[in-house]
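Taking it in order: structure first as structure tokens, then the write-up.
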Amino acid sequence: MRPFLLLGFLLSNITATAAIEPISTSIAVGMAAALTGFLATYQNVFYYFHECCRPEWISFNRTGLEVALDRKLFGQHVASRVVQKAVTGFMNNKNPKKPLVLSLHGWTGTGKNLVSQLIAENIYKEGMASSFVHQFVSTAHFPHLNQIEDYKSQLQQWIKGNVTNCPRSMFIFDEMDKMHPGLIDCIKPYLDYYEHLDGVSYRQAIFIFLSNAGGEHITQVALDFWKAGRDREEMKLLDLEPALSLSVFNNKQSGLWHTSLIDKNLVDFFVPFLPLEYRHVLLCGMAEMSAKGLKPDQDVVDQMARDLVYFPKSEKIFSGKGCKTIGGKLDYYT
Ligand SMILES: *[C@@H]1O[C@H](CO)[C@@H](O)[C@H](O)[C@H]1NC(C)=O
Ligand SMILES: *[C@@H]1O[C@H](CO)[C@@H](O)[C@H](O)[C@H]1NC(C)=O
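With mature numbering (1 follows the signal peptide of the UniProt record, and there is no 0) as the guide, the letters of the sequence shown map in order to residues -19 to -1, 1 to 315.
This is the structure we're talking about:
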């Protein structure tokens, strides 16, 4: 508030000076110019310290995303490529016809949350803490079936309100497969190709859905590859897509939301996350140790990784919980 008081004071002084001494109008003009300069500076200073819906706070760092995916996401060559392409294409498009909608699929601990975080960090200066990034976890935010009508209107208001404030808003929906179909229905209009919806355009927004749906089928494809002696890195999106859509339509629990979203082509990219192998858990462990400021110790990480549970029972190839919980486990081993 104080700068405004100061401005008011300056303004009244200028007027007074100009009225008493017409000769000094040039001085007043000079002061007014200075004032305008001050105003602009004040505004810039304000924008500098306070997160705003402006390029200073929201700008895509393509290299940043590439480097982050490369350094922090392990064993997900397909997801990494799809995400990089999808986000880069969307952010470079001045006139997208619809918001970007990504659907990330795979077992827990395979990196879905990490990827949403990396996307947020390379678009918003404040990353996940940005006031333009909104995360909803089905079981935490919408737990009660009998309140579904309230949730619906609340969620619609939130999306509308936030996109009105800042068109480049990001919404992350975790545990999408546990979300009530009615809630999914109520967000569908925002994902669509409308130019405006009640005067608001949603075309700059980003929606990310996370779910375990399709995890089993993705794992089966990975297992088949392994059994055939083929290199995991040979796996292409094309190899995984059928498994994903099949599982999507066959699985009663997750079928509902998928069917309605797929039917209308509202999801731009389905991103499969592969089950992680022992070697990937090692990489996660080493990265986790550095992140904690510890010296990465192969022996410690190795021991931790060995004690995890792997599946299928006979082959023991994939980590049951991926890289989840290793942060806490490492504390125990160090
Ligand atoms: C983008 O990311 C790269 C790699 O992390 C970093 O070196 C660079 O400073 C970032 N650029 C901006 C403008 O933040
Ligand atoms: C934006 O979304 C948040 C939830 O993430 C909500 O609390 C807030 O009220 C919304 N803002 C508006 C203006 O609707």
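Virtual Cβ for every residue (Gly too), placed ideally from N, Cα, C.
The closest heavy atom of ligand 2 lies 8 Å or more from the beta carbon of residue 246.
Fewer than three Cβ pairs drawn from the region 177 to 192 and the region 277 to 287 lie within less than 8 Å of each other, which leaves the two stretches out of contact. By the Cβ neighbour-count rule, residue 125 is exposed, with fewer than 16 other Cβ atoms within 10 Å of its own. Note on geometry: alpha-carbon atoms of residue 112 and residue 270 lie some 30 Å from one another. With a 10 Å radius around the Cβ and a threshold of 16 neighbouring Cβ atoms, residue 198 comes out buried. In the structure shown, the three-state DSSP call for residue 102 is helix.
The C-alpha of residue 295 is placed about 45 Å away from the C-alpha of residue 186.
One thing to note: residue 252 has its Cβ no nearer than 9 Å to the Cβ of residue 118.
By the C-beta criterion, the region 249 to 268 is judged to be in contact with the region 75 to 87, since at least 3 inter-stretch pairs fall below 8 Å.
Assignment of residue 298 by DSSP, reduced to helix, strand and coil, places it in the coil class. Beta-bridge analysis with DSSP links residue 39 to 105. Residue 277 sits in coil when the DSSP states are folded into three classes, being neither helix nor strand. In the three-state DSSP reduction, residue 158 falls in the helix class (H, G or I). In terms of Cα proximity to residue 74, the closest of 54, 140, 149 is 149.
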